[in-house]
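Mapping of the sequence shown onto the numbering used here: residues 82 to 338, in sequence order.
Beta carbons: idealized from backbone N, C-alpha and C, even for Gly.
To start, the structure under review is shown below, and the notes come after it.
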Amino acid sequence: MFIDTHCHLDAAEFAADRDDVAARTRAAGVSKLVIPAVARGNFPVVLETCRRYPGCYPALGIHPLYVADAQPQDLGILRAAVAEHRPVAIGEIGLDFFVPGYDREKQEFYFTEQLKIARDFDLPVLIHLRRAQDTVLKYLRRFPVRGGIAHAFNGSRQQAEAFLKLGCKLGFGGAFTWPRALNLRELAKTLPLDALVLETDAPDIPPEFVGKGRNSPEFLPRIAQHLADLRGMSLEELAAACRANTLAVLPELEDEK
82 MFIDTHCHLD AAEFAADRDD VAARTRAAGV SKLVIPAVAR GNFPVVLETC RRYPGCYPAL
142 GIHPLYVADA QPQDLGILRA AVAEHRPVAI GEIGLDFFVP GYDREKQEFY FTEQLKIARD
202 FDLPVLIHLR RAQDTVLKYL RRFPVRGGIA HAFNGSRQQA EAFLKLGCKL GFGGAFTWPR
262 ALNLRELAKT LPLDALVLET DAPDIPPEFV GKGRNSPEFL PRIAQHLADL RGMSLEELAA
322 ACRANTLAVL PELEDEK
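Here it is in structure tokens:
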């Protein structure tokens with residue numbers, strides 16, 4: 082019923098109970114999870130996680146916070162891995178201008194090169210864009226791809242509309258469940274329904290009902306219930322719409338059982 086469009090089930094935080102988490106997630110009605118890679122060395126782990134757990138599908142890419150350790154040859158390795166394994170998306174890629182000491186030039190180099198890979202393989206992208214929405218939009222216009230998901234979207238209404246015009250959906254997860262997230266809650270409530278997809282970013286971005294604990298994909302239905310309540314609609318209607326939105330932007334998922 083539910084699709085988690087962004088979940089790091091391969092992360093070390095799940096090492097002790099990954100099997101149990103996967104089982105609870107399926108029992109909760111989350112039938113598919115997209116597992117994005119973050120670095121070249123992470124590709125095999127992501128692929129193995131997706132082989133091991135039914136309903137898990139890989140995205141391959143180099144995360145902006147990992148480009149400091151990346152080498153240009155990693156792009157060739159990524160290209161070869163995409164050709165061999167045909168992931169559902171290129172990701173997690175993008176820009177992060179929040180963490181102190183970031184190398185903007187290097188981030189932008191790896192982001193644009195990975196957009197070219199997405200373009201060449203006609204794949205959507207999973208985009209990290211913390212404090213970098215406008216710059217990400219600039220490069221998406223310069224290097225057009227087949228849509229994607231603006232992961233953990235937290236920009237303005239104008240920026241949201243710009244991503245939608247470029248064929249992207251907007252990822253909403255635990256962040257909007259916090260009462261203090263007023264702007265994000267307003268966007269979650271008022272954006273067009275066909276703009277939204279669900280995600281957890283587990284083990285990160287825990288929802289309000291978890292507090293500072295580990296986030297988990299099994300919580301996705303509860304996050305969806307918060308969104309349905311905020312929009313004044315039934316959970317079933319919300320879940321069906323978000324699933325349709327996800328399949329529209331990640332069509333490779335539709336071909337899979």
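Assigned with DSSP and collapsed to three states, A140 falls in strand. Judged by pairs of C-beta atoms under 8 angstroms, the segment 93–110 touches the segment 283–298, as three or more such pairs exist. H87 has its alpha-carbon roughly 5 angstroms from the corresponding atom of V115.
In this model, G110 and P302 are separated by some 7 angstroms (Cα to Cα). Fewer than three Cβ pairs drawn from the segment 117–127 and the segment 317–335 lie within less than 8 angstroms of each other, which leaves the two stretches out of contact. An exposed status is given to N264, since fewer than 16 other beta-carbon atoms sit within 10 Å of its beta-carbon.
Between P145 and H232, the alpha-carbon positions lie close to 13 angstroms from each other. The Cβ neighbour count for E280, taken over all protein chains shown within 10 Å, is at least 16; the residue is labelled buried. As a beta-bridge residue in DSSP terms, F253 pairs with L279.
Proximity to F224 across E194, A213 and S237 peaks at E194, based on C-alpha coordinates. Boundaries of the beta strand (DSSP E) around P117: V111 to P117. Measuring C-alpha to C-alpha distances from D215 to each of K197, L247, F202 and D203 identifies L247 as the nearest. Uninterrupted beta strand (DSSP E) stretches at least 3 residues long and entirely within the segment 162–187 occur at 170–177, given in chain order.
In the same chain as P139, and ignoring 5 residues on each side of it, the C-beta atoms closer than 6 angstroms to its own belong to I116, V127, L128, C131 and P168, in chain order. Judged by DSSP secondary structure, A231 falls outside any alpha helix (DSSP H) and instead within the beta strand (DSSP E) spanning G229 to A231.
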